[in-house]
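Numbering (the UniProt record's numbering), first residue to last: 1 to 246.
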């Protein structure tokens, strides 16, 4: 479960966090005026952008290019899915760690995001440990496409550019990504129920039920809530805090 890929990527993310602090302090003048919690959020958004690009890239590959994982939604794996699962596991472990830092030391609490990160971390730990259901694990990484516009929008807000054209463009892209994410989630549920006998009989019970719970929560509660927030940014013409995402 704690493979070389997992450990290497976790250390890489820690390095990116540190590098973001150093480079931002040097080249981004407003960064030096941020409070400690704002600097933490800025660095986390840099991490989100980097791993959002990587995760959504793997998700795009698994969804539109790969032809091996769809052969058997329970047992099929390949080198790409194994690497993708371990990188995702490392990323979500890092995210949970940063959530704990924000909750305990910085007084920033967001129960929905923390719950999402916690269940997702547990899910990808099981994907990595059992080496099964990589069809779902790899494709669901496409959901992290929302991290790209979300991260840019958040950092633009912190730079005082909340009413700029780039910020407004980010809200439209963010809304589009959330709608696309919802389609991916419903499709994952449909594939699960189309193959429910095979998945329930062949897949590890804890892996199946934890991930069904995660997909259900995302599809029915979390993504609709976040999508509504993205549209509120557009329709009301005001840029509310991105606490709902952080």
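Yeah, the Cβ is synthetic: ideal placement off N, Cα and C, and Gly gets one too. In this text the structure is predicted, and so the values were computed from the model without any measurement.
Which residues bound the alpha helix (DSSP H) around residue i?
i, result
"residue 166", "165-194"
"residue 79", "79-104"
"residue 59", "36-60"
"residue 112", "111-130"
"residue 26", "4-27"
"residue 140", "134-140"
My output table needs one value for residue i: the three-state DSSP class, helix, strand or coil.
i, result
"residue 249", "Residue coverage of the chain in this structure runs from 1 to 246, which leaves residue 249 outside it and unanswerable."
"residue 236", "coil"
"residue 157", "helix"
"residue 244", "For residue 244, the predicted model reports a pLDDT of 47, less than 50, meaning its position is unreliable and no value from the coordinates is stated."
"residue 201", "helix"
"residue 107", "coil"
"residue 76", "coil"
Quick one: Cα of residue i to Cα of residue j, how far?
i, j, result
"residue 126", "residue 48", "22 Å"
"residue 4", "residue 143", "25 Å"
"residue 84", "residue 164", "35 Å"
"residue 242", "residue 187", "Confidence is the limiting factor: at residue 242 the pLDDT is only 47, short of 50, which leaves the residue's position unreliable and the question unanswerable from this model."
"residue 53", "residue 170", "15 Å"
"residue 211", "residue 123", "6 Å"
"residue 50", "residue 148", "8 Å"
"residue 15", "residue 203", "36 Å"
For residue i, collect the residues of the same chain with a Cβ closer than 6 Å to its Cβ; drop the 5 residues on either side in sequence, then sort them by chain order.
i, result
"residue 227", "178"
"residue 244", "For residue 244, the pLDDT reaches just 47, beneath the cut-off of 50, and the residue's location in the model is therefore unreliable, although a value from the coordinates is still provided. The residues are 229."
"residue 98", "44"
"residue 56", "142, 144 and 145"
"residue 120", "92"
Kindly list the residues whose CB is nearer than 7 Å to the CB of residue i, restricted to its own chain and excluding five residues on each side of it in sequence; keep chain order.
i, result
"residue 222", "112 and 116"
"residue 68", "76 and 78"
"residue 155", "42 and 45"
Once you ignore the five residues that flank residue i on each side, which residues in its own chain have a CB closer than 8 Å to its CB?
i, result
"residue 153", "167, 170, 171, 174 and 242"
Within 9 Å of any Cβ in chain D, is that where the Cβ of residue i sits?
i, result
"residue 190", "In the structure shown, chain D cannot be found, because there is only a single protein chain."
*Would you check if there are 3 or more beta carbon pairs closer than 8 Å linking the region 56-73 to the region 191-204?*
yes
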